[in-house]
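Residue numbers (the numbering used here), protein chains in the order written: chain Y, 3 to 150; chain L, 3 to 150.
Glycine included, every Cβ here is placed at the ideal spot set by N, Cα and C.
Read the structure below first, then the notes.
2 protein chains.
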Amino acid sequence: MPLPQTQIPGRLQMQLAERGIRMTGPRRAILSVIETATKHLDASQILRKARTVDESVDRSTVYRTLGLLKRQGLIDELDLMHLNGEGHYYERKLGRDHIHMACLRCGKISEFVSRTFESLKNQLERDCHFHILVARLEVGGYCSACRR
Amino acid sequence: MPLPQTQIPGRLQMQLAERGIRMTGPRRAILSVIETATKHLDASQILRKARTVDESVDRSTVYRTLGLLKRQGLIDELDLMHLNGEGHYYERKLGRDHIHMACLRCGKISEFVSRTFESLKNQLERDCHFHILVARLEVGGYCSACRR
DNA sequence: TTCTTATTGCGACCGAGTCGCAACACGCGC
DNA sequence: GCGCGTGTTGCGACTCGGTCGCAATAAGAA
Numbered sequence: 003m004p005l006p007q008t009q010i011p012g013r014l015q016m017q018l019a020e021r022g023i024r025m026t027g028p029r030r031a032i033l034s035v036i037e038t039a040t041k042h043l044d045a046s047q048i049l050r051k052a053r054t055v056d057e058s059v060d061r062s063t064v065y066r067t068l069g070l071l072k073r074q075g076l077i078d079e080l081d082l083m084h085l086n087g088e089g090h091y092y093e094r095k096l097g098r099d100h101i102h103m104a105c106l107r108c109g110k111i112s113e114f115v116s117r118t119f120e121s122l123k124n125q126l127e128r129d130c131h132f133h134i135l136v137a138r139l140e141v142g143g144y145c146s147a148c149r150r
Numbered sequence: 003m004p005l006p007q008t009q010i011p012g013r014l015q016m017q018l019a020e021r022g023i024r025m026t027g028p029r030r031a032i033l034s035v036i037e038t039a040t041k042h043l044d045a046s047q048i049l050r051k052a053r054t055v056d057e058s059v060d061r062s063t064v065y066r067t068l069g070l071l072k073r074q075g076l077i078d079e080l081d082l083m084h085l086n087g088e089g090h091y092y093e094r095k096l097g098r099d100h101i102h103m104a105c106l107r108c109g110k111i112s113e114f115v116s117r118t119f120e121s122l123k124n125q126l127e128r129d130c131h132f133h134i135l136v137a138r139l140e141v142g143g144y145c146s147a148c149r150r
């Protein structure tokens, strides 16, 4: 008999467990939302989705959990060029960094992985003696469909 | 007899004039603050400094003027990794883009100009058929003095 | 099962940014 | 110089993202 979707411990949940971080109902709900997201979500969207799993999840718990995941380096925080208001968007951090391109006309977000980006970061670490923890490259402009 | 500092029309003021944009007292004050800034300022710092020139400048006028300058492509808006709260920082846009590095320990902001960054943007425009209007690369980590 | 301690929900709060409106002032045409 | 139309301003109220203190609760180690 298969467990309900939200009960399958996802990777995020395991990564927190490995670090000896206490697991709770609301936390499980929020993690599952982030883990199964198919697009970039902001805090209020995460809250809304988490509530479909656990009715009682509170706004501040969402923010506290996002803070925890950020501190643990498990998610990245994005601005996406503030296409809609001033809030932030979140995504799981996996593998190598990617560039976010936001179309200022249609709002589409596309991602791009580039070796040049990696060299740029290496160059920065070398030339500036700077130890990079997070790197965020966001670009605003017109996507292929919208440019003319 | 030299004019008082704030009366010398700066480049920003001229660029707005060229575009037929009306010049006013508060606007002059705000422009001069941005023009003579030696570090990245946020909206409330700009307001405070502008008020030392023109007592009556209002908060919303600062935001409206920043919006104007953004739309005209004369300033860039930065997050600087949200080192202090959620606000934004502003700087004049001149010449080529540069990378902002924010030290998460001491808060120092350093800037770095890189040809690799330029190639990366070119690559993006070419490979993704994306027309770049603004590009923002921000890095958080430890500066040479703070890393260990 | 108990006990400690981290986490939660709640409500009040804060600061950044926006908006509608009436008063004002820039600068063009005379 | 002088008036006039329109863009700009100050003001105050508001929205929204995010934070905090606190008492109640629940994890999970012993």
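Contact annotation: methionine 83 of chain Y and glycine 142 of chain Y have beta-carbon atoms nearer than 7 Å.
Taking the beta carbon of valine 64 of chain L as reference, no residue of chain Y falls within 9 Å; the closest one sits roughly 16 Å away.
Residue ranges of uninterrupted beta strand (DSSP E) with 3 or more members, entirely inside the stretch 57-90 of chain Y and ordered along the chain, are 77-80. Any Cβ of chain L closer than 7 Å to the Cβ of arginine 117 of chain Y would place that residue at the interface, and such an atom is absent.
Between arginine 149 of chain Y and histidine 133 of chain L, the gap from beta carbon to beta carbon is short of 7 Å.
Among the residues of the stretch 120-149 of chain L, those with a Cβ less than 7 Å away from any Cβ of chain Y are Ser121, Leu122, Gln125, Leu126, Cys130, His131, Phe132, His133, Ile134, Leu135, Val136, Ala137, Arg138, Leu139, Glu140, Val141, Gly142, Gly143, Tyr144, Cys145, Ser146, Arg149, in the order of the chain. Close to serine 46 of chain L, with beta-carbon spacing below 8 Å, lies no residue of chain Y; the smallest spacing is near 15 Å. DSSP places leucine 135 of chain L in the strand class (E or B) of the three-state scheme.
Going by DSSP, methionine 25 of chain L is part of no alpha helix (DSSP H) at all; its letter is neither H nor E.
Boundaries of the alpha helix (DSSP H) around serine 121 of chain L: 117-130. Exposed is the label assigned to aspartate 60 of chain L, since fewer than 16 other Cβ atoms lie within 10 Å of its Cβ.
Against chain L, the CB of methionine 103 of chain Y has a partner CB under 7 Å away; the residue lies at that interface. Taking the Cα positions, arginine 117 of chain L is about 31 Å away from leucine 76 of chain Y. Straight-line spacing of the CA atoms in threonine 63 of chain L and methionine 16 of chain L works out to 19 Å. Bounds of the beta strand (DSSP E) holding serine 112 of chain Y are 111-114. For serine 34 of chain L, there are no neighbours in chain Y by C-beta distance under 7 Å, as the nearest C-beta there is about 27 Å away. With respect to the 7 Å criterion, cysteine 108 of chain L and phenylalanine 114 of chain Y are not classified as neighbours on the basis of their beta carbons. For leucine 106 of chain L, the chain Y residues whose Cβ falls inside 9 Å of its Cβ are Leu135, Val136, in order along the chain. For aspartate 78 of chain L, the CB contacts under 6 Å within the same chain, skipping 5 residues up- and downstream, are Glu93, Lys95 in chain order.
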